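Have a look at the structure below before the remarks.
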Amino acid sequence: MGATKAVTDASFATDVLKSDKPVLVDFWAEWCGPCRKVSPLLEEIAGEMGDQVTIVKLNIDENPETARAYRVMSVPTLTVFKNGEPVQSIAGAKPKGELVKLIQSAL
Numbered sequence: 003m004g005a006t007k008a009v010t011d012a013s014f015a016t017d018v019l020k021s022d023k024p025v026l027v028d029f030w031a032e033w034c035g036p037c038r039k040v041s042p043l044l045e046e047i048a049g050e051m052g053d054q055v056t057i058v059k060l061n062i063d064e065n066p067e068t069a070r071a072y073r074v075m076s077v078p079t080l081t082v083f084k085n086g087e088p089v090q091s092i093a094g095a096k097p098k099g100e101l102v103k104l105i106q107s108a109l
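Printed below as a string of structure tokens:
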């Protein structure tokens, strides 16, 4: 997967909620076309901004608990968590510039 990291229901609290830097969570699914468009952009951003933000991917089909807890209704949903709280969220495939802005708003 490269610069992004897969998280699960079991690791979500440790990897996301207890992180000491902002975390962008990509709620995605295998069958989702727009998710596949967003994925390489997130890899790029993780490579460029990895010192400021952690980018993780949560497969909603394999990890329904977390998706349900955060009321993820469509994929991809990209949510920035800071200090264990969701602070910003967008749904759908967005251009790289918009994804970077989403992250920067939480820094």
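Counted from 1, the sequence shown has number 20 at position 18 by this note's numbering; the numbering is strictly sequential.
No residue lacks a Cβ here, since even glycine has one placed at the ideal position from N, Cα and C.
Please read these numbers as outputs of a predicted model, since none were measured by experiment.
Residue i - DSSP class collapsed to helix/strand/coil
| i | result |
| --- | --- |
| Asp28 | strand |
| Ile57 | strand |
| Val9 | strand |
| Leu109 | coil |
| Lys103 | helix |
| Asp63 | coil |
| Val77 | coil |
| Met3 | At Met3, the pLDDT of 45 sits below 50, so the modelled position is not reliable; the number obtained from the coordinates is stated separately. Three-state DSSP puts Met3 in coil, outside helix and strand. |
Proximity winner among the options, relative to residue i (alpha-carbon distances)
| i | options | result |
| --- | --- | --- |
| Val9 | Pro66, Trp33, Ile47 and Val40 | Pro66 |
| Ser41 | Ala95, Lys23, Ile62 and Ala108 | Ala95 |
| Gln90 | Ile105, Pro97, Ser76 and Lys98 | Ile105 |
| Gly99 | Asn61, Met51, Val74 and Ile62 | Met51 |
| Val82 | Gly49, Leu109 and Leu43 | Leu109 |
| Ala15 | Glu46, Ala71, Leu101 and Lys103 | Ala71 |
Beta-ladder partner(s) of residue i, from DSSP
| i | result |
| --- | --- |
| Val82 | Leu26 and Gln90 |
9 angstroms Cβ cutoff met for residue i and residue j
| i | j | result |
| --- | --- | --- |
| Lys84 | Lys7 | no |
| Pro78 | Trp33 | no |
| Lys23 | Gln54 | yes |
| Val25 | Thr68 | no |
| Ala5 | Ala48 | yes |
| Leu80 | Asp28 | yes |
Terminal residues of the alpha helix (DSSP H) in which residue i lies
| i | result |
| --- | --- |
| Ile47 | Gly35 to Met51 |
| Pro97 | Counting along the chain, Pro97 falls outside any alpha helix (DSSP H), and DSSP gives it neither H nor E. |
Proximity test, Cβ basis, 9 angstroms: residue i and chain C
| i | result |
| --- | --- |
| Ile62 | As a matter of chain content, chain C is missing from the structure shown, which is built from one protein chain. |
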